[in-house]
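All remarks here apply to the structure that follows.
Number of protein chains: 2
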Amino acid sequence: MSGGVEWALHCCVVLTSVREPVPAARLAQLHDVSPSYLAKQLQALSRAGLVRSVQGKAGGYVLTRSPELISVLDVVEAVDGPGPAFVCTEIRRRGPLAASPESCTAPCAVKRAMAGAEAAWRDALRSVSVADLARDVTSDYGPGTLAGISAWLGAAEA
Amino acid sequence: MSGGVEWALHCCVVLTSVREPVPAARLAQLHDVSPSYLAKQLQALSRAGLVRSVQGKAGGYVLTRSPELISVLDVVEAVDGPGPAFVCTEIRRRGPLAASPESCTAPCAVKRAMAGAEAAWRDALRSVSVADLARDVTSDYGPGTLAGISAWLGAAEA
DNA sequence: GGAGATCTACTCGGATAGGTCCTGTCCGAGTGGGCGGGG
DNA sequence: CCCCGCCCACTCGGACAGGACCTATCCGAGTAGATCTCC
Chain A
1 MSGGVEWALH
11 CCVVLTSVRE
21 PVPAARLAQL
31 HDVSPSYLAK
41 QLQALSRAGL
51 VRSVQGKAGG
61 YVLTRSPELI
71 SVLDVVEAVD
81 GPGPAFVCTE
91 IRRRGPLAAS
101 PESCTAPCAV
111 KRAMAGAEAA
121 WRDALRSVSV
131 ADLARDVTSD
141 YGPGTLAGIS
151 AWLGAAEA
Chain B
159 MSGGVEWALH
169 CCVVLTSVRE
179 PVPAARLAQL
189 HDVSPSYLAK
199 QLQALSRAGL
209 VRSVQGKAGG
219 YVLTRSPELI
229 SVLDVVEAVD
239 GPGPAFVCTE
249 IRRRGPLAAS
259 PESCTAPCAV
269 KRAMAGAEAA
279 WRDALRSVSV
289 ADLARDVTSD
299 YGPGTLAGIS
309 AWLGAAEA
């Protein structure tokens with residue numbers, strides 16, 4: 001799993017607390033990570049339509065919709081790609097005892113098992129929204145946490 | 159996810175139908191895959207204790223226990239490693255607004271969400287055994303399928 | 001004919017190159033705001 | 001004083017190297033069976 005997923009999720013949580021666009025560089029120094037690489041992750045979020053990028057002097061990134069409507073799965077798929085982690089290479093059709101093509105209408109048992117597990121994983125990620133994460137943050141570190149971050153983002157320099 | 163997982167699972171299913179040791183090279187030509195690389199996967203299974211390797215002229219690999227007691231998760235962890243796919247780098251403790259160490263007793267919200275999803279994934283894989291896969295194979299391609307494979311494995315040459 | 005030692009051939013196991021994707025970085029295109037000039 | 005045009009600085013976006021992990025491969029250590037010899 002790509003490590004940039006973590007960065008993207010934290011950025012989404014942070015973006016929950018602001019309505020003004022936040023530049024990628026500012027998010028990077030907030031998290032103390034590579035600005036250029038974080039920019040790449042945010043571009044992925046932008047391509048997926050989760051955030052809206054505004055250019056110009058006061059530009060940056062803003063969430064396109066309410067945090068309740070953004071699931072963790074959305075972010076993960078945007079950064080890591082929507083494709084499944086397990087790819088079936090159809091081994092059953094190869095070799096001297098290959099299964100006949102008319103027997104292969106349904107996916108093989110191995111693929112079914114892996115697909116079911118990935119479906120459970122996706123369901124779990126889909127059931128958690130960015131708003132839920134933000135709520136957990138407030139309950140973990142206190143109500144003023146996100147407000148403080150929002151104020152720091154708006155301030156001039158660190 | 160490592161592609162070798164698929165090979166290992168199919169090999170385990172095949173090994174369900176035999177009691178004699180099967181060489182890695184024979185499993186490789188049955189599946190029409192690279193013998194050397196398949197050997198590496200089987201070595202991983204051996205290290206994990208899922209299969210027993212016997213050397214010598216009639217050597218090969220055999221399952222160490224009943225297929226009902228081998229879960230798909232066991233195979234996946236043996237090949238891909240037991241570590242979780244998502245690794246939390248503790249971003250919250252970095253940057254100018256880093257969370258205080260005494261606030262970080264519990265894992266952060268992002269890590270909790272990802273860990274929960276991976277737990278669901280693992281549970282799904284744990285609930286499926288290699289015996290279940292073999293049963294699905296018989297119901298998919300007919301009762302004689304595994305018997306035919308077993309006979310082919312015992313035959314001299316292809 | 002039977003038993004023993006040897007010998008061979010076959011097996012696994014780990015150490016070794018190559019390829020592909022993730023990680024990290026850079027610079028150019030585009031755009032909104034700020035400033036100066038004019039009415 | 002207000003409006004317009006220009007300029008600039010700041011932003012994103014995609015194209016470019018470096019590194020790590022997965023993929024693929026090879027050869028050596030070890031062992032079980034088969035063979036040959038001797039009794």
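The listed protein sequences derive, respectively, from chains A and B. For what it's worth, my numbering labels the leading residue of the first sequence as 1, then goes sequentially. For what it's worth, my numbering labels the leading residue of the second sequence as 159, then goes sequentially. All residues carry an ideal CB built from backbone N, CA and C; glycine is no exception.
At a cut-off of 9 Å between beta carbons, residue 113/A contacts chain B.
With 16 or more other Cβ atoms from the protein chains shown falling within 10 Å of its own Cβ, residue 8/A counts as buried. Excluding residues up to 5 positions away in sequence, 186 lie with their Cβ nearer than 8 Å to the Cβ of residue 192/B in the same chain.
Any Cβ of chain A closer than 9 Å to the Cβ of residue 187/B would place that residue at the interface, and such an atom is present.
Counting along the chain, residue 130/A sits inside no beta strand (DSSP E); it lies in the alpha helix (DSSP H) bounded by residues 130-141. Within its own chain, the residues whose Cβ lies closer than 8 Å to the Cβ of residue 285/B, once the five positions on either side in sequence are excluded, are 229, listed in chain order. Taking 9 Å as the cut-off, the Cβ atoms of residue 3/A and residue 268/B do not count as close. Residue 24/A and residue 31/A have their C-alpha atoms spaced approximately 11 Å apart. Between residue 298/B and chain A, the shortest Cβ-Cβ separation is below 9 Å.
Of all residues in the segment 90-104 of chain A, those with a C-beta nearer than 7 Å to a C-beta of chain B are 91, 94, 95, 96, 97, 99, 103, reading in chain order. The C-beta distance from residue 133/A to residue 17/A rounds to 12 Å, too long to fall under 8 Å, and the pair is not in contact. Using a Cβ-Cβ cut-off of 9 Å, residue 228/B does not count as an interface residue toward chain A, since no Cβ of chain A sits closer than that to its own. Beyond the five residues adjoining it in sequence on each side, residue 283/B comes within less than 7 Å, by CB distance, of 229, 230, 231, 234 in the same chain, given in chain order.
Residues 160, 162, 163, 166, 199, 202, 203 of the same chain have their beta carbon placed closer than 8 Å to that of residue 237/B, with the five preceding and five following residues left out of the count.
For residue 153/A, the enclosing alpha helix (DSSP H) has its first and last residue at 145-154. Secondary structure at residue 285/B: coil, using DSSP grouped into helix, strand and coil.
At the C-beta level, residue 123/A and residue 278/B come within 9 Å of one another.
Our two residues, residue 180/B and residue 240/B, have alpha carbons roughly 26 Å apart in a direct line. For a Cβ distance threshold of 9 Å, nothing in chain B lies close to residue 144/A: the least Cβ distance comes to about 11 Å. Contact annotation for residue 306/B against chain A: 97 [CB-CB distance below 8 Å, chain order]. As summarised for the segment 219-281 of chain B, the continuous alpha helix (DSSP H) elements at least 4 residues long and confined to that stretch are 230-238, given in chain order.
Closer than 9 Å to the CB of residue 161/B there is at least one CB belonging to chain A. Contact annotation: residue 51/A and residue 19/A have beta-carbon atoms that are not nearer than 9 Å. Against chain A, a Cβ distance below 7 Å from residue 312/B picks out nothing, because the smallest value is about 13 Å.
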